[in-house]
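Here the sequence shown stands for residues 5 to 133, numbered as in the numbering used here.
Where is the CB? At the ideal position from N, CA and C, for every residue including glycine.
Okay, structure first, notes after.
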Amino acid sequence: MALSFVNVRVLFVAIFVAAVMNNICSATEITVGDGTGWTTSFDYQAWSKDKTFKIGDTLVFKYPVGVHNVVEVDENGFTNCRTSNELGKTFTSGNDQITLDKLGNRWFICGIPGHCDLGMKLSINVIPI
């Protein structure tokens, strides 16, 4: 009887580890804009249409340091290109990595004046794995 209980526990642990590894291995690093990166005069909404964004994925925003930045905003901030609707910190590294850890809509803009109006804005929907 004790042996059966141990086998069930081992099986449970193995299934749990496999499930965790599946989630970790299924996460994808997505460079925003692919080879173009994060820049003005690029249609990020068209770019994102054929992409799937899942919990655990990481968005990578690549741009020259000091020229652009990335600000996560709410829908109103996205629509009106306003950083006053900022939801978190402003990213400025030029190689910003943002892990998608919440389901639903997420909105990102460049906070440099005028850049959002020139197309530096991305709206995505994050789905479960």
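Across the set Ile-116, Gly-115, Cys-85, Lys-106, the C-alpha of Lys-106 shows the shortest separation from the C-alpha of Ile-128. In the three-state reduction of the DSSP assignment, Asn-80 falls in the helix class. Annotation: the continuous beta strand (DSSP E) that includes Trp-111 extends over 108–113. Secondary structure of Ser-45 (DSSP, three-state): coil. In this structure Ile-131 is exposed. Its beta-carbon is surrounded by fewer than 16 other beta-carbon atoms within 10 angstroms. Its chain contains Ile-113, Cys-120, Asp-121, Lys-125 as the residues whose beta carbon lies nearer than 8 Å to that of Cys-85, once the 5 sequence neighbours on both sides are disregarded; these appear in chain order.
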